[in-house]
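Chains A and B, in that order, are what the protein sequence lines are.
One point on numbering: in UniProt numbering, the residue at position 140 of the first sequence is 140, and numbering is uninterrupted.
One point on numbering: in UniProt numbering, the residue at position 121 of the second sequence is 121, and numbering is uninterrupted.
Number of protein chains: 2
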Amino acid sequence: MEKWRATSNLRRSLKSILNRQLSSVSEFRYLNEKRSCQSSFNLIRDCKSLGQVNAIQHRCFSSASTLVQRNPSFSTLNSDDISYFKGLLGEKSVIQDEDRLETVNTDWMHKYKGSSKLLLLPRSTEEVAQILRYCNSRCLAVVPQGGNTGLVGGSVPVFDEVIVNVSSMKNIISFDKVSGILVCEAGCILENLISFLDNQGFIMPLDLGAKGSCQIGGNVSTNAGGLRLVRYGSLHENVLGLEAVLANGDVLDMLGTLRKDNTGYDLKHLFIGSEGSLGIVTKVSILTPPKLSSVNIAFLACNDYSSCQKLLMEAKRKLGEILSAFEFLDTEAMNLVLHQFDGVRNPLPASMHNFYILIETTGSDESYNRANNSKEDQRNTNKANDGGRRIKLDGCKLHVLAREQECRSCGWLVRTMRREFGHWILRFHQR
Amino acid sequence: MEKWRATSNLRRSLKSILNRQLSSVSEFRYLNEKRSCQSSFNLIRDCKSLGQVNAIQHRCFSSASTLVQRNPSFSTLNSDDISYFKGLLGEKSVIQDEDRLETVNTDWMHKYKGSSKLLLLPRSTEEVAQILRYCNSRCLAVVPQGGNTGLVGGSVPVFDEVIVNVSSMKNIISFDKVSGILVCEAGCILENLISFLDNQGFIMPLDLGAKGSCQIGGNVSTNAGGLRLVRYGSLHENVLGLEAVLANGDVLDMLGTLRKDNTGYDLKHLFIGSEGSLGIVTKVSILTPPKLSSVNIAFLACNDYSSCQKLLMEAKRKLGEILSAFEFLDTEAMNLVLHQFDGVRNPLPASMHNFYILIETTGSDESYNRANNSKEDQRNTNKANDGGRRIKLDGCKLHVLAREQECRSCGWLVRTMRREFGHWILRFHQR
């Protein structure tokens with residue numbers, strides 16, 4: 001019944017949003033243009049600490065360079081607005097302090113900078129709803145913000161939007177050990193959820209470098225992927241339900257905990273990855289897999305791209321159900337890492353390889369799940385016989401890293417940055 | 001770019017649909033009311049061949065019994081319409097023959113019966129688009145139909161809707177062995193896709209009893225789950241892209257093949273499970289997992305429900321990555337099966353148990369993946385030591401079936417029906 005109500009609410013709201021032509025005038029900024037720049041920004045991020053890129057960048061639609069103009073139909077904040085918010089949230093949750101505004105006006109990479117004069121910190125769905133209802137009636141622009149760790153500027157204002165930051169909504173609502181379903185508020189920091197689940201014998205289906213700061217609501221709104229996507233799929237798979245507040249303050253309760261609920265339209269998927277442009281996610285229910293005890297990593301080099309493809313096919317087939325990550329680097333990316341960080345070295349022989357692959361396996365049986373790949377080349381394609389599962393490859397030149405210490409110095413570096421290293425349990429079969 | 005176009009197309013179409021108030025006047029009937037009756041229909045289905053239920057039933061909203069009335073604003077077919085369709089599709093694809101119409105007007109369980117006078121068999125997306133564009137302009141009601149194997153009457157007309165059956169669209173468009181991504185037309189029969197993939201060393205992420213007749217477009221439109229859901233997740237996870245034709249004839253090209261594409265709104269999810277009410281799915285791209293060589297099944301009985309829950313938790317934890325199915329039956333369901341089918345017997349001791357569990361494992365290593373559960377009860381909770389992985393349970397009474405022949409006589413019966421049996425490769429560790 002709740003769901004049907006949600007459907008009809010959304011239908012009404014979509015209609016009203018569409019009628020107001022969301023792409024030109026909207027309470028939520030339409031952020032897709034930023035995301036289309038993501039791939040080039042990643043490279044810029046990698047170079048940042050080399051001092052190559054420091055200037056605040058202007059946002060643009062992909063390659064076009066037209067500046068976004070502030071829509072004059074939006075109002076500007078006045079003292080009545082501030083009074084209303086203080087009455088609603090209390091003095092402490094209405095932030096006008098310049099230093100704190102500086103932080104939330106700037107993205108993690110210091111590439112974008114907004115000029116918001118107001119940060120609101122609601123503690124409940126009802127407060128979010130009332131904020132949005134008020135802003136809607138006053139035609140005040142709003143930008144939803146979580147951990148503000150995004151790389152494409154989606155969580156900071158473009159102009160003077162009111163920032164609604166949900167970081168005060170950080171309660172774990174329930175966890176069912178039988179089904180592995182966690183229900184929590186949107187402001188929960190990913191790492192806190194990971195720790196909580198670890199104590200229960202479960203893991204989060206997503207893990208990424210920003211986990212110490214990013215929030216689950218933001219993860220859902222940006223459809224964050226991370227290191228475990230190859231094994232556990234995207235958030236479209238793992239998020240079972242959502243609660244979200246629409247721009248007009250309507251609350252959509254789609255917070256189901258049934259893994260296969262196909263009654264009606266599955267509207268929650270619209271919110272996953274929509275970057276807050278359809279509403280602010282306030283609660284999430286998520287399916288979490290059990291923690292498996294055995295994690296292993298291997299690092300390999302290939303001379304050509306087709307060998308990498310063959311390796312992926314073989315890894316999927318031979319490691320099958322225990323394959324939990326398959327990460328790809330080319331020489332350029334590898335060199336960047338080697339030059340960028342002290343004490344990092346290529347664990348493979350000095351000769352230059354064109355491509356590198358990091359394979360991780362995770363399984364429930366330690367004696368068995370060894371990401372143990374035999375050293376093979378075109379002249380020797382037989383499986384080695386010293387135990388463990390091996391990938392057999394015809395026509396590929398593989399170099400195998402099988403020492404923990406060596407792997408620790410390079411594995412996951414590119415994706416998780418160094419501070420995340422402790423997370424990976426590296427155990428290797430001695431060859 | 002294609003995706004952006006699709007988004008703006010859908011936005012326009014949604015707007016036009018919403019403006020016309022889809023719930024009261026729409027080219028596609030709003031089928032959700034039927035699905036809400038699904039659980040009760042399943043039981044009726046089980047009893048059907050006992051002759052208990054034969055009458056054609058009236059559709060209703062859940063428990064309410066209001067009859068749906070034909071909306072008088074829809075037109076009725078005339079000879080000009082028939083001429084148009086014959087000109088568009090050719091004589092052979094415009095069916096008015098009464099015998100053939102009888103079949104497509106009736107659902108698989110012979111519970112619902114429409115009175116359509118016209119069956120159209122388009123062979124391409126363009127033909128589907130032209131049909132819908134024409135029907136929209138003439139205000140003719142349409143019902144999309146695939147294999148017509150649904151149990152809730154979603155694929156047959158309520159009144160005199162034009163039936164658009166996509167079974168002639170059955171081409172496999174591409175298959176990428178590296179990524180495991182299959183792209184095909186919506187009319188492909190599931191079993192044909194399974195066979196095709198089997199030859200390539202892959203499997204479909206979904207498998208269900210109706211696979212010999214059901215079509216992938218219908219599977220997607222109904223968000224069919226089936227036997228592999230616990231392992232491979234729902235179609236929201238596995239469907240990477242869709243092509244669909246909206247009611248006004250617009251073609252939405254969302255046929256991506258990227259596993260993690262989070263640019264823009266992920267509109268395809270709206271179509272998964274929407275039962276054709278938003279548009280007719282014409283092409284599907286789907287991620288297929290590699291075929292793993294070792295499949296095992298165990299059949300167990302539990303005395304109480306909490307033991308079943310504990311068993312699920314232990315199965316997820318101990319069998320972890322190789323667990324591929326966990327099916328639950330209560331005594332009533334078991335008795336129904338035993339009485340319904342000749343030659344089926346309970347493989348477990350004669351004493352009555354309250355609950356039965358069927359566990360299937362699928363893995364890449366035959367010597368290892370044994371769904372081998374030790375015979376344990378409250379007095380003996382130690383793991384047995386004769387090899388294979390075992391589930392250890394405290395406080396649960398388990399009876400273990402470990403003989404292929406015995407299992408063959410009951411496994412999966414309730415969900416897949418007898419003709420599907422050959423599919424399951426049963427191999428057991430001899431105890």
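The beta carbon of each residue, even a glycine, is placed where N, CA and C say it ideally should be.
To be precise: take each residue of the segment 316–339 of chain B, compare its Cβ to all Cβ atoms of chain A, and keep it if any distance is under 8 Å. Which residues remain?
Listed in sequence order: K316, R317, K318, L319, G320, E321, I322.
Contact set between the segment 273–294 of chain A and chain B, restricted to residues whose Cβ is under 7 Å from the partner:
G273, S274, P290, L292
Open item on the list: Distance check for A/D253 and B/F61, CA to CA, integer angstroms please.
Closed with: The pLDDT assigned to B/F61 is 42, lower than 50, so where the model puts this residue is not dependable; a value taken from the coordinates is nonetheless given after this. Roughly 22 Å between the two C-alpha positions.
Residue from B/G273, B/L246, B/V281, B/G241 with nearest C-alpha to B/Y265: B/G241
Point to revise | Reduced DSSP category for B/T125 - H, G, I as helix; E, B as strand; rest coil | key: helix
Note to self: Could you check whether A/L121 and A/S167 sit closer than 8 Å to each other, using their CB atoms as the reference points?
What the structure shows: yes
message = Looking at chain B, is there any beta carbon in it that lies within less than 8 Å of the beta carbon of residue 455 of chain A?
response = Residue 455 of chain A falls outside the range modelled here, since chain A spans only 1 to 431, and no answer is possible.
Quick one: grab the DSSP three-state call for A/F271. helix
Buried or exposed: A/L67, going by 16 or more other Cβ atoms within 10 Å of its Cβ?
The residue is exposed, with fewer than 16 neighbouring Cβ atoms inside 10 Å.
### Message
By the DSSP assignment, the beta strand (DSSP E) with residue 432 of chain B in it spans what residues?
### Response
Chain B is shown only over 1 to 431; residue 432 of chain B falls outside these bounds and no answer can be derived.
query: Do B/G187 and B/G217 have their C-beta atoms closer together than 8 Å?
result: yes
Handout entry: Alpha carbon of B/T361 to alpha carbon of B/N296, nearest angstrom
Key = 5 Å
Worksheet item: Which value, in whole angstroms, describes the spacing of the CA atoms of B/A141 and B/R123?
Response: 20 Å
- Query: Within the 8 Å Cβ cut-off, does B/E252 reach chain A?
  - Reply: For the record, residue 252 of chain B in the displayed sequence is Leu; it is not Glu. Judged by the 8 Å Cβ criterion, B/L252 is not in contact with chain A.
Residues sharing a beta bridge with B/V239, DSSP: B/I286
message = Going by DSSP in three states, B/C354 sits in which element: helix, strand or coil?
response = For clarity, residue 354 of chain B is Asn in the given sequence; the question names Cys instead. In the structure shown, B/N354 sits in coil (DSSP, three-state: anything other than H, G, I, E or B).
Practice task
Could you have a look at B/E360 and say whether DSSP puts it in helix, strand or coil?
Solution key: strand
Per-residue contacts from A/K211 into chain B (C-beta, under 9 Å): Within 9 Å Cβ-Cβ: nothing; A/K211 doesn't reach chain B, min ~18 Å.
Requested in this report: Please list, in chain order, all residues of the same chain as A/T257 whose beta carbon is under 8 Å from its beta carbon, the five residues on each side excluded.
Outcome: Only residues of its own chain outside the window of five on either side were considered, and among them D176, S179, I181, V183, L240, G241, S285 have a CB closer than 8 Å to the CB of A/T257, listed in chain order.
Q | Contacting positions in the segment 206–238 of chain B - beta carbon closer than 8 Å to chain A | A | T222, N223, G225, L229, G233, S234, H236, E237
Requested in this report: State yes or no: is the beta carbon of B/Q130 nearer than 8 Å to at least one beta carbon in chain A?
Outcome: no
### Task
Using only alpha-carbon positions, find the residue among A/T125, A/N354, A/K170 that is nearest to A/S245.
One point to set straight first is that residue 245 of chain A is Val, not Ser, in the sequence displayed. For A/V245, the nearest C-alpha among the options comes from A/T125.
Kindly list, in the order they appear in chain B, the residues whose Cβ is closer than 7 Å to that of A/L312.
V178
Give the C-beta separation of B/G320 and A/L292 to the nearest angstrom, bearing in mind that I take them to be a contact with Cβ-Cβ under 8 Å. 5 Å
Contacts around B/G273, its chain only, beta-carbon distance under 6 Å, and the 5 residues preceding and following it disregarded = N223
message = Rounded to the nearest angstrom, what separates B/R133 and B/D99 at their Cα positions?
response = 28 Å
- Message: Going by beta-carbon coordinates alone, are B/L119 and B/N165 separated by less than 8 Å?
- Response: yes
Notebook entry, point to check: So is B/E91 buried or exposed if we call it buried at 16+ other beta carbons inside 10 Å?
Noted result: It counts as exposed.
- prompt: Given a threshold of 16 other Cβ atoms within 10 Å of its Cβ, counted over all protein chains shown, does B/E332 qualify as buried or as exposed?
  reply: exposed
Suppose the cutoff is 7 Å on Cβ atoms and the five residues either side in sequence are ignored; what does the same chain contact list for A/K316 look like?
Only L323 meet the Cβ criterion.
Is the beta carbon of A/T275 less than 8 Å from the beta carbon of B/H236? Residue identity differs from the one stated: residue 275 of chain A is Glu in this sequence, not Thr. Not in contact: A/E275 and B/H236 (Cβ atoms no closer than 8 Å).
- Delimiting residues of the beta strand (DSSP E) encompassing A/F326: Its beta strand (DSSP E) spans residues 323–330.
When DSSP labels each residue in this structure, what does B/H58 get in the three-state scheme?
For B/H58, the pLDDT reaches just 43, beneath the cut-off of 50, and the residue's location in the model is therefore unreliable, leaving the point undetermined.
* Asked: Does the segment 104–117 of chain B touch the segment 153–164 of chain B, meaning 3 or more C-beta pairs lie closer than 8 Å?
  -> By the C-beta criterion, the segment 153–164 of chain B is judged to be in contact with the segment 104–117 of chain B, since at least 3 inter-stretch pairs fall below 8 Å.
Identify, in the order they occur along the chain, each residue of the same chain with its Cβ nearer than 6 Å to the Cβ of B/Q130, setting aside the five sequence neighbours on each side. Once the five neighbours on either side are set aside, the close Cβ partners of B/Q130 are L88.
For this session: Thinking B/A301 and B/F355 are a contact (beta carbons under 8 Å), I'd like their distance in whole angstroms, please.
Result: 7 Å
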